[in-house]
Amino acid sequence: MRKLLFVCICFAAVEGFVGPLSTGKWRDSLGEIDHVGATALFAEPARAPQSSNTKVKRARELIRCLIEEDKCYTTESGAKQFADVCASNVVIADCFFPQPFNGKSEALTYMLERVAQRKEKSNVRIDKISDGDKACGFAWTWTCGDEEGLRGTTFVELNDSGEIQYLQEIPEPIYKPGDLTKQLLEAITQGFEPKPPVPYEKRRPTRACEVAEYLFVDLNKAEPVEATNELMTFFDDNVIYRDFNFEEVLRGPTEVRQFVDDFNFPGIEFRPIRFDDGDVSTCFTWEIAIADAPDTIKGISFYELDPETRKIIYVRDVPESAIKPPILGTWARNLRPGLGVFQPVPIGSRPNGM
């Protein structure tokens, strides 16, 4: 199936043209959590994923603690707390930069550099966070005073000891190519023939992580029209879809369906990589191979379900830049280190980082 996410790949090409996350105890039930700092949160091995919403979701609570309490992105003490809960072999793949940061030492250096870059002028706001236990993802916004700026998504995975073993982060592109993406895809994939469809078994999963796996693994190579029809049955009538290649969000199944149909091209392969284990919301990483190009484009998606209907009510997709660090993004961070964009907006004017 030609994914909703296919449009994300085009930003990489366009941006290239224009220049491109104390000691003590945590209890085992929600509502009885005593904040004691992130270091002690994962003293015991992580439990196996559970579908119950009454248990502490360890990945989610760790990230909330690191960002909201320890201020890991904006204070040196918080940056050190972050490094303290990293595994010795941690990999931090911040897609703003050309290479990942490997190991606890580089993780600490990375976080301290993030703090220094912000120059104590801002905060990181969690807009949405998936309820994962072994992994989670969160949508975020940079804020400073009465303004807000850069948005993005981060995926975090824990090892069996509850330490951070993998983090991938992608900020929104400063330049959003919009409908130019369709023209680029048409040119890039011209002459490619669709691959033979692969049969799939229809299912009706209700956990967010299982919905994502069904839509982007099971349906991935199904007959495009049939797969799109099946995909659309999972969207709520009030769905909001944010693709960071566009300035405006899509609202409702009609706009989402048109979006899917507009970007249904052969010659593009979508490859999901890592999924969290969220129940009501989920985050996953992916890459896209375009035609015969040797390199792939990485991205992160966040999906949220209505807790009652279990249909998708919110989507956020963000692709990486082809040039790292992206030129416009670097200029914006230098000009407004607390906000990371050229034109910030009043704080609160984009609910949930819309």
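Numbering (the numbering used here), first residue to last: 6 to 359.
We put the CB at the ideal spot given by N, CA and C, even for glycine.
Cβ-based burial, residue i [other Cβ within 10 Å; buried from 16]
| i | result |
| --- | --- |
| LEU163 | buried |
| GLY167 | buried |
| PHE289 | buried |
| GLU191 | exposed |
| ILE278 | exposed |
| GLN188 | exposed |
| GLN173 | buried |
| SER354 | exposed |
| GLU325 | buried |
| PRO201 | exposed |
| PHE347 | exposed |
Secondary structure of residue i, DSSP reduced to three states
| i | result |
| --- | --- |
| PRO356 | helix |
| VAL265 | helix |
| LEU117 | helix |
| LYS62 | coil |
| ALA98 | strand |
| VAL346 | coil |
| GLU292 | strand |
| ASP132 | strand |
| CYS77 | coil |
| GLY142 | strand |
| ALA112 | helix |
| SER82 | helix |
| ALA92 | strand |
| GLY29 | Bear in mind that the predicted position of GLY29 carries a pLDDT of just 30, short of 50, making it unreliable; the figure below should be weighed with that in mind. GLY29 falls in the coil class under three-state DSSP. |
Rounded straight-line distance, which links the Cα of residue j to that of residue i
| i | j | result |
| --- | --- | --- |
| ALA360 | LEU155 | Any property of residue 360 remains undetermined from this structure, which presents the chain solely from 6 to 359. |
| SER110 | VAL95 | 10 Å |
| PHE268 | ASP184 | 10 Å |
| TRP147 | PRO349 | 10 Å |
| GLU198 | PRO176 | 33 Å |
| GLN122 | PRO103 | 17 Å |
| ILE293 | ASP151 | 37 Å |
| PHE82 | ALA140 | Sequence check: residue 82 is Ser here, not Phe. In a straight line, the C-alpha of SER82 is about 24 Å away from that of ALA140. |
| GLU206 | VAL222 | 11 Å |
| ARG63 | GLU153 | 28 Å |
| ASN357 | ARG247 | 11 Å |
| PRO105 | ALA92 | 15 Å |
| GLY142 | ILE97 | 14 Å |
| VAL323 | ILE179 | 12 Å |
| VAL61 | LYS124 | 34 Å |
| PHE101 | SER306 | 16 Å |
| VAL203 | GLU274 | 14 Å |
| GLU74 | GLY272 | 46 Å |
| ALA232 | ASP266 | 11 Å |
| PHE239 | SER135 | 18 Å |
Residue i: CB within 7 Å of a non-hydrogen atom of the ligand ZN
| i | result |
| --- | --- |
| ASP281 | Here there are no bound small molecules, and the ligand ZN is not part of this structure. |
> Is the region 255-268 close to the region 333-348, with three or more CB pairs under 8 Å?
Replying inline: no
>> Is it the case that the region 115-131 contacts the region 79-96, given that we only count it when at least three CB pairs across the two stretches are under 8 Å?
In response: yes
>> Quick check for students: name the residue ranges of the beta strand (DSSP E) that lie wholly in the region 210-283, counting only runs of 3 or more.
In response: 240-248 and 273-280
> For the region 147-223, which segments carrying the alpha helix (DSSP H) assignment without a break, of at least 4 residues, lie completely within its bounds, in sequence order?
Replying inline: 185-193 and 213-218
> If you pair each beta-carbon of the region 294-310 with each one of the region 223-235, do three or more pairs fall below 8 Å?
Replying inline: no
>> With a threshold of 8 Å, are at least 3 pairs of Cβ atoms found where one atom belongs to the region 209-223 and the other to the region 306-316?
In response: yes
> In chain order, which continuous runs of the beta strand (DSSP E) of length 3 or greater are located wholly inside the region 290-324?
Replying inline: 301-310 and 317-324
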